[in-house]
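Below is one structure; the comments refer to it alone.
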Amino acid sequence: MQLLLVRCGTQVVGLPITCVQRLLTLTRDQIQSSGKRLAVRLDDGIVPLLSLRKMLQLETTPLSGSIPVVVTEMRGRRIGLVVDTLAGQREAFVKTLEFPLNQIAGVTGASILGDGRILFVIDPRQMLEDRAMAPPQRAGASV
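Okay, so the sequence shown: first residue is 30 according to my numbering, each after it adds one.
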């Protein structure tokens, strides 16, 4: 399976390349806030931004510098996942998970990185479907 590797904090996860519509690198000025929601204008529409850190229940950090975003689609709507780093692409053998790991929302399998660490493969669309995730908070907030 072709995977896009992304880093959130110390955690590296793989996203199936079939889930990725587009990759962006944004600046803080390009991000719009509406209430407690963040978004970016892309092509002919507005794309809401969600924090992958928050989805993975990791400690959040303030937005700053260049901000990598993975654009995916859910129910016909584009959604931008804010990540810390785009860590590359690779072909990987992905093993399906057994109980209880197969009960984790959005985690579809695992692989082993070259350094021996386990790489969890997540399907962001499934993760979003399984959880009612709130987008990151307004400008200056943490993601």
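Glycine is no exception: its CB is placed at the ideal position from the N, C-alpha and C atoms. Computed from a prediction, not measured in an experiment: that's the story for all the values here.
(request) Return helix, strand or coil for residue 47, following the three-state DSSP convention. (result) In this structure, DSSP gives residue 47 a helical state, which the three-state scheme calls helix.
(message) I need the DSSP call for residue 33, collapsed to helix, strand or coil.
(response) strand
(request) With a threshold of 16 other CB atoms inside 10 Å of the CB of residue 31, please say whether the residue is buried or exposed. (result) exposed
(request) Compare the Cα-Cα distances from residue 62 to each of 49, 73 and 77 and report the closest residue. (result) 77
(message) To the nearest angstrom, how far is the alpha carbon of residue 136 from that of residue 47?
(response) 15 angstroms
(request) Taking only the alpha-carbon atoms, compute the straight-line gap between residue 108 and residue 143 and give it to the nearest angstrom. (result) 31 angstroms
(message) Cutting at 6 angstroms between CB atoms, please list the residues of its own chain near residue 33, excluding the five before and the five after it.
(response) 44, 46, 49 and 118
(message) I'd like to check one pair, residue 97 with residue 112: are the Cβ atoms closer than 8 angstroms?
(response) yes
(message) Just to confirm my understanding: we take residue 100, look at its own chain, exclude 5 residues before and 5 after, and list those with CB closer than 6 angstroms. What are they?
(response) For residue 100, where only same-chain residues beyond five positions count, the Cβ hits under 6 angstroms are 50, 51, 107 and 109.
(message) Using C-beta distances below 7 angstroms, list every residue in its chain close to residue 152, excluding the 5 sequence neighbours before and after it, in chain order.
(response) 45, 48, 135 and 137
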